[in-house]
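Asks: I'd like to ask you about the structure that follows.
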Amino acid sequence: MNTPETVTTVLAKLAELRIVAALCGGWAEEALGIIPPRPHKDIDLVVEANDFSAIDQALIDGALKNEIAAKRFAHKRAFVFSETMVEMYLVQNRANRLVTMFWGDTEYVWRDPLVAVTQLYGTSIRAVTQENLLRFRRSHKSHEPWRWSDPNSLLPHLQPY
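Numbering follows our numbering, with no gaps: position 155 of the sequence shown is 291.
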């Protein structure tokens, strides 16, 4: 079930794995008061890191389970937690700019600060700022969404060593 408790459990699990993540998407919009409370189909996160190596290792080791191989891209990883899809976008610091490289070749620059601390049903969480959320939604077409269905965009699924 996709509940506020699921969101905070996922964030806590990632923090336990030393993965720096912040809420993005609908749950972040709700936490920041941009939208009223409503059901959410997934949990969107940004992961602040140089690469996905910590996430990939957690998927290989089983610390994170149920990877969605069809969502393994240069800019994204996804897994299922408690019957809820969790999607993670990579945000890298490149030359003092916060960047997501969609498909590995399409740059999207986030505004600094990327995140703010807010509340989700009484729990303190990190969420992408309102400015970044609204800009990200408006720029959707620049992320070349048609490439989701291009099999050449997928990265190979990692197998345990």
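A virtual CB, placed ideally from N, CA and C, is assigned to each residue, including glycine.
If residue 165 and residue 269 are in contact, beta carbons under 8 Å, what's the gap, nearest whole angstrom?
Replies: 6 Å
Asks: Counting Cβ pairs, one atom from each stretch, are 3 or more of them under 8 Å apart for the stretch 220 to 239 and the stretch 201 to 212?
Replies: yes
Asks: Under 8 Å: do the stretch 210 to 226 and the stretch 256 to 267 share three or more Cβ pairs, one atom per stretch?
Replies: no
Asks: In whole angstroms, what separates the C-alpha of residue 227 from that of residue 159?
Replies: Spanning the alpha carbons of residue 227 and residue 159 requires a straight line of approximately 13 Å.
Asks: Which partner residues of residue 261 appear in the DSSP bridge assignment?
Replies: 254, per the DSSP bridge assignment.
Asks: If residue 157 sits next to residue 182, beta carbons under 8 Å apart, how far is it from one beta carbon to the other, in whole angstroms?
Replies: 7 Å
Asks: Between the alpha carbons of residue 143 and residue 153, how many angstroms are there, rounded?
Replies: 16 Å
Asks: If you draw a straight line from the C-alpha of residue 155 to the C-alpha of residue 186, how long is it?
Replies: 11 Å
Asks: Using a Cβ-Cβ cut-off of 6 Å (strictly less than) and excluding sequence neighbours within five positions of residue 203, which residues of its own chain qualify?
Replies: Cβ within range, chain order: 195, 215.
Asks: Is the distance from the Cβ of residue 271 to the Cβ of residue 246 below 9 Å?
Replies: yes
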